[in-house]
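Peer 1: If you count by the numbering used here, then the sequence shown holds residues 34 to 183, one letter each, in order.
Glycine residues also receive a C-beta, built at the ideal position from the N, C-alpha and C atoms.
Predicted, not measured: the structure shown is a model, and the values here were computed from it.
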Amino acid sequence: MRIVVQRVSRASVESEQQLRGSIGRGLLVFVGIEEADNREDVDWIAGKIVQLRIFPDEQGVMNKSCLETGGEILLISQFTLHALTKKGNRPSYIRAARPEIAIPIYEHLIQSLTSLMGKSIATGVFGADMQVSLINDGPVTIWMDSKNKE
């Protein structure tokens, strides 16, 4: 499972010209799910997301988590995070999980984040064409892969 986390002042997602989710200060998380992902990957990623200390403390040092600051989370599925670009110029998405595998994992991630945060999170629409708007605060953007836990 790969994620890109962006600290935002606000973010929203639309699909079919309808607002599907929006947040104020918090984290916009793009998630790509691959065939080999499982509940262990979800649990590790969810824990990292809510505990990631990228919000400023009283001294302005990035030392607080989304959980500590009461921030919000907007989760967006994005299979293109598993793009293979080694050969040619057209990315291959062969590593991205098919919907029948990815949807239950995505739903488990939503449940895990909701449980860890103690409140609902906002989401996009799995597999849909979406338009995401955001104001990246910092900017702060972090990439993680559950298969590479460095």
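Mind pulling the alpha helix (DSSP H) runs of 4 or more residues that sit fully within the segment 104-158?
Peer 2: 132-150
Peer 1: Between the segment 136-154 and the segment 69-85, do at least 3 Cβ pairs fall closer than 8 Å?
Peer 2: yes
Peer 1: With DSSP run on the structure shown, which of helix, strand or coil describes A44?
Peer 2: Position 11 of the sequence shown, counted from the start, is the residue given in the question as residue 44. Strand.
Peer 1: Report the option in F63, I82 and R123 whose CA atom is closest to the CA atom of K97.
Peer 2: Translated into positions along the sequence shown, residue 97 becomes position 64. Measuring from the Cα of K97, the nearest candidate turns out to be I82.
Peer 1: Going by beta-carbon coordinates alone, are V85 and C99 separated by less than 8 Å?
Peer 2: By one-based count along the sequence shown, residue 85 stands at place 52. By one-based count along the sequence shown, residue 99 stands at place 66. The amino acid occupying residue 85 in the given sequence is Leu; Val does not appear at that position. Yes, the pair counts as a contact, with Cβ atoms nearer than the cut-off.
Peer 1: Leaving aside the five residues before and after S153 along the sequence, list all residues of the same chain whose C-beta is less than 6 Å from its C-beta, in chain order.
Peer 2: Here the question's residue 153 lines up with position 120 in the sequence shown. Closer than 6 Å at the Cβ level, and outside the excluded window around S153, lie T147.
Peer 1: Report back the beta-carbon spacing between N181 and R40 to the nearest angstrom; my notes put them in contact at under 8 Å.
Peer 2: Numbered from its first residue, the sequence shown carries residue 181 at position 148. Numbered from its first residue, the sequence shown carries residue 40 at position 7. Between N181 and R40 a beta carbon distance of about 21 Å is seen, past the 8 Å cut, so the two are scored as non-contacting.
Peer 1: Would you mind sorting A130 into buried or exposed? The rule is 16 or more other CB atoms within 10 Å of its CB.
Peer 2: As a position in the sequence shown, residue 130 is number 97, starting the count at 1. Buried: at least 16 other Cβ atoms inside 10 Å.
Peer 1: Name, in chain order, the residues that DSSP records as bridge partners for R35.
Peer 2: Taking the first residue of the sequence shown as 1, we reach residue 35 at position 2. G65 and D178, per the DSSP bridge assignment.
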